[in-house]
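Student: Residue numbers (my numbering): 67 to 332.
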């Protein structure tokens, strides 16, 4: 949706020396009101945010906290989705499908081998989890694409369309997280299942499952990925809002350029 000239002028008036301005291409409808939004940047860092009503008036900061949340979140969802989702959807997991079928047969073959069966079942459940979560991820990705294209085409983000998109976004993240997390949790059992098969002389399938085992996630995350892992684990395993997310939103609130109401707490 094209930004009216009177809105552009006000946004420019709030720009400070050395800043660049990015005007959000979609307007936000929240609490039955229309808002335009802009972010100010020095280098790559956001240095300020401004929100305007349809008539060009500047609402107080207290009025636009939810609008800020929607604006920041939908921008992040757009960026993540169109940057990496297509690549993740194309993963085929051919070797995982093979392993799943083999492990199903091994469950039947060693149904009376209680200890070995337990490890084989754990390995099979991991491959099943990987396939099921990836399938659900693809289904949700198609749903998300439709939602985001509809927002873009209409040029407006409503509270309803945002929260639906956010729900789908979180479900996609959950699917990707548990692909890795379930593989991490089953690492020891996978190794014991392979050892059991070697002992039983089931050499070829043991070798194939060993190669599959090496492709799955190890029981640890690399140091550079630790922060991201803990962030997502807090959300999807502990079912809490990550502290870093709260901190970043509070920092965003602190650089809003809309005025505070007299006597209002920051």
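We put the beta carbon where it would ideally sit given N, CA and C, even for glycine.
1. Evaluate the contact criterion for the stretch 148-166 versus the stretch 193-208: three or more CB pairs, one atom per stretch, below 8 angstroms.
2. So residue 101 and residue 133 are supposed to be a Cβ contact under 8 angstroms. How far apart are they, rounded?
3. Would you say residue 113 and residue 78 are within 8 angstroms of each other, going by their C-beta atoms?
4. Compute the Euclidean distance between the alpha carbons of residue 268 and residue 223, then round it to the nearest angstrom.
5. Determine the contact status of residue 252 and residue 189, defining contact as a CB-CB distance below 8 angstroms.
6. From 279, 259 and 137, pick the residue whose C-alpha is nearest to that of residue 186; which is it?
7. Taking the CB atoms as reference points, tell me whether residue 325 and residue 127 lie closer together than 8 angstroms.
8. Here's a check: name, in chain order, each residue in its chain whose Cβ is nearer than 6 angstroms to the Cβ of residue 245, leaving out the five neighbours to either side.
9. Using three-state DSSP, classify residue 316 as helix, strand or coil.
10. List the whole-angstrom C-beta distance separating residue 88 from residue 105, where the pair is believed to meet the contact cut-off of C-beta under 8 angstroms.
11. By Cβ distance below 6 angstroms, which residues in the same chain neighbour residue 82 in space, the five residues on each side in sequence not counted?
12. Taking only three categories from DSSP, how would you classify residue 282?
13. Can you give me the Cβ contacts of residue 243 inside the same chain, cut-off strictly under 7 angstroms, excluding the 5 residues immediately before and after it?
14. Going by DSSP, which residues form a beta bridge with residue 96?
15. Can the beta-carbon of residue 131 be found closer than 8 angstroms to that of residue 321?
16. By a C-beta neighbour count over all protein chains shown, 10 Å radius and 16 as the cutoff for buried, is residue 206 buried or exposed?
Tutor: This is what the structure holds:
1. Judged by Cβ distances under 8 angstroms, the stretch 148-166 makes contact with the stretch 193-208, as three or more pairs qualify.
2. Here the question's residue 101 lines up with position 35 in the chain shown. Here the question's residue 133 lines up with position 67 in the chain shown. Yes, residue 101 and residue 133 are in contact; Cβ-Cβ is about 5 angstroms, under 8 angstroms.
3. Taking the first residue of the chain shown as position 1, residue 113 is located at position 47. Taking the first residue of the chain shown as position 1, residue 78 is located at position 12. Cβ atoms of residue 113 and residue 78: not closer than 8 angstroms.
4. Mapped onto the chain shown, residue 268 falls at position 202. Mapped onto the chain shown, residue 223 falls at position 157. Near 58 angstroms, if we compare the C-alpha coordinates of residue 223 and residue 268.
5. For the purposes of this step, residue 252 is taken as residue 186 along the chain shown, with counting starting at 1. For the purposes of this step, residue 189 is taken as residue 123 along the chain shown, with counting starting at 1. Residue 252 places its beta carbon less than 8 angstroms from that of residue 189.
6. Position 120 of the chain shown holds residue 186. Taking residue 186 as reference, the option from 279, 259 and 137 with the minimal CA-CA separation is 259.
7. By one-based count along the chain shown, residue 325 stands at place 259. By one-based count along the chain shown, residue 127 stands at place 61. One thing to note: residue 325 has its Cβ within 8 angstroms of the Cβ of residue 127.
8. The count along the chain shown starts at 1 and reaches residue 245 at position 179. Closer than 6 angstroms at the Cβ level, and outside the excluded window around residue 245, lie 196 and 199.
9. Taking the first residue of the chain shown as position 1, residue 316 is located at position 250. DSSP, read as helix, strand or coil, puts residue 316 in helix.
10. Mapped onto the chain shown, residue 88 falls at position 22. Mapped onto the chain shown, residue 105 falls at position 39. That belief holds up - the Cβ atoms of residue 88 and residue 105 are roughly 5 angstroms apart, short of 8 angstroms.
11. For the purposes of this step, residue 82 is taken as residue 16 along the chain shown, with counting starting at 1. Leaving aside the five residues that flank residue 82 on each side, none in its chain has a CB nearer than 6 angstroms to its CB.
12. Position 216 of the chain shown holds residue 282. For residue 282, the three-state secondary structure derived from DSSP is coil.
13. Position 177 of the chain shown, counting from 1, holds the residue named residue 243. Sequence-distant Cβ neighbours of residue 243 in its own chain, meaning closer than 7 angstroms and more than five residues away, are 298 and 302.
14. Position 30 of the chain shown, counted from the first residue, corresponds to residue 96. Under DSSP, residue 96 takes part in a beta bridge, and its partners are 99.
15. Residue numbering aside, residue 131 sits at position 65 when the chain shown is read from its first letter. Residue numbering aside, residue 321 sits at position 255 when the chain shown is read from its first letter. No, they are not a contact pair.
16. For this step, residue 206 is matched to residue 140 along the chain shown. Around the Cβ of residue 206, a 10 Å sphere holds 16 or more other Cβ atoms; the residue is buried.
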